[in-house]
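This report concerns only the one structure given below.
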Amino acid sequence: MNLSADETLVGRLSNQLTPDLAFTNAFISRQHFAIRKVQDKAVLYDLGSRHGTEINGVRLTPYSPYPLNNFDIIKLAKGMSVLHFSYMFADQTLEIEPLGITRQLEVPELSLTIHWEKRECVVEGKRIQMSEKEYLLIRVLHENANRLVPLEEIKSRVWPERSPGAEGVPDVTLDEMNALVYRVRKKYGKDTFLISAVRGSGYVLESELKSS
Numbered sequence: 754m755n756l757s758a759d760e761t762l763v764g765r766l767s768n769q770l771t772p773d774l775a776f777t778n779a780f781i782s783r784q785h786f787a788i789r790k791v792q793d794k795a796v797l798y799d800l801g802s803r804h805g806t807e808i809n810g811v812r813l814t815p816y817s818p819y820p821l822n823n824f825d826i827i828k829l830a831k832g833m834s835v836l837h838f839s840y841m842f843a844d845q846t847l848e849i850e851p852l853g854i855t856r857q858l859e860v861p862e863l864s865l866t867i868h869w870e871k872r873e874c875v876v877e878g879k880r881i882q883m884s885e886k887e888y889l890l891i892r893v894l895h896e897n898a899n900r901l902v903p904l905e906e907i908k909s910r911v912w913p914e915r916s917p918g919a920e921g922v923p924d925v926t927l928d929e930m931n932a933l934v935y936r937v938r939k940k941y942g943k944d945t946f947l948i949s950a951v952r953g954s955g956y957v958l959e960s961e962l963k964s965s
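Laid out in structure tokens, this is it:
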């Protein structure tokens, strides 16, 4: 993620707020931390997050400035999510480390199995049939679990029947995509599919799913 704005907000996605880098993890605060550009330097401020922010293993004092350096490791909520900061070609960037490697807190795990051939999910013993679009979205995110799936790939995989737009990608609006993600979260439970939106880039499925 390129930090091109004067301020980049990192936090948990909610109905009231969509951070620039958004997570669905309940241990991450809605406004967890911000990175502000001060001259040519990136400065991080923890915004009073409930479970804290660490840089290179040191927990930050809320609302205090911490200038970032190349290869700094930023941990949210005791390592639930890890970000790597670097200056690359004069740009300030953040890279997300896969959640499966970094999870440290004990989080209750849902009993979830996906039967792809039957196009159904079994959540806590309850069978839920997938619609065509739900199936295609969950499939592409699951195949790339814990990695960013670009908007263009999601559009191509989920709406293959749609006429291509100017850039050769199916003509799908962001509202349509957001509505589909919202339906998936609501139908299967927001803690079943932890789908994080990375504004303007795509979505990340933070999960360790069973499938058959």
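Under the working numbering, think of the first position of the sequence shown as 754, with each following residue one higher. For every residue, glycine included, the Cβ atom is placed at its ideal position computed from N, Cα and C. Just so we're clear, the structure is a prediction, and the values are computed from it rather than from any experiment.
Cutoff 7 Å; reference residue i; Cβ partners in own chain excluding five residues on either side
i: residue 922; result: 905, 908, 909
i: residue 809; result: 825, 826
i: residue 1002; result: No statement about residue 1002 is possible, as the shown extent of the chain runs from 754 to 965 and does not include it.
i: residue 786; result: 763, 797, 798, 799, 800, 802, 806
i: residue 915; result: 923, 924, 925
i: residue 755; result: 844, 846
N- and C-terminal bounds of the beta strand (DSSP E) containing residue i
i: residue 895; result: Where residue 895 is concerned, there is no enclosing beta strand (DSSP E), although the alpha helix (DSSP H) it sits in stretches over 885 to 896.
i: residue 728; result: Missing from the structure shown is residue 728; the chain here goes from 754 to 965 and no further.
i: residue 867; result: 865 to 868
i: residue 948; result: 947 to 951
i: residue 776; result: 774 to 776
i: residue 958; result: 955 to 959
i: residue 881; result: 879 to 882
Same chain, Cβ closer than 6 Å to residue i, neighbours up to 5 away in sequence not counted
i: residue 862; result: Residue placement at residue 862 cannot be trusted, given a pLDDT of 48 that sits under 50; the coordinates are not used to answer.
i: residue 807; result: 828
i: residue 855; result: Confidence is the limiting factor: at residue 855 the pLDDT is only 38, short of 50, which leaves the residue's position unreliable and the question unanswerable from this model.
i: residue 759; result: 790
i: residue 857; result: Low confidence applies to residue 857: its pLDDT is 39, below 50, so where it sits in the model is not reliable, and the reading given next is rough at best. Cβ neighbours of residue 857 beyond the five flanking positions: 831, 832.
Beta-bridge partners of residue i, as assigned by DSSP
i: residue 806; result: 829
i: residue 759; result: BP columns for residue 759 are empty, so no partner.
i: residue 794; result: 791
i: residue 923; result: 917
i: residue 840; result: 845
i: residue 816; result: The partner list for residue 816 (beta bridge, DSSP) is empty, contrary to what the question assumes.
i: residue 764; result: 775
Buried or exposed (CB count within 10 angstroms, at least 16 for buried), residue i
i: residue 852; result: The predicted position of residue 852 is uncertain, since its pLDDT is 42 and thus under 50; no value can be drawn from it.
i: residue 803; result: exposed
i: residue 956; result: buried
i: residue 860; result: For residue 860, the predicted structure reports a pLDDT of 40, less than 50, and the residue's modelled location is therefore unreliable. The matter cannot be settled from this model.
i: residue 887; result: buried
i: residue 931; result: exposed
i: residue 885; result: exposed
Bounding residues of the alpha helix (DSSP H) (the contiguous stretch that carries residue i)
i: residue 901; result: Run containing residue 901: none in the alpha helix (DSSP H); it sits in the beta strand (DSSP E), 901 to 903.
Sequence-distant residues of its chain with Cβ nearer than 8 Å to residue i (five each side left out)
i: residue 937; result: 887, 890, 891, 946, 948
i: residue 933; result: 886, 887, 890, 911
Segment contact, 8 Å Cβ cut-off, at least three pairs: the stretch 812 to 831 with the stretch 794 to 801
yes
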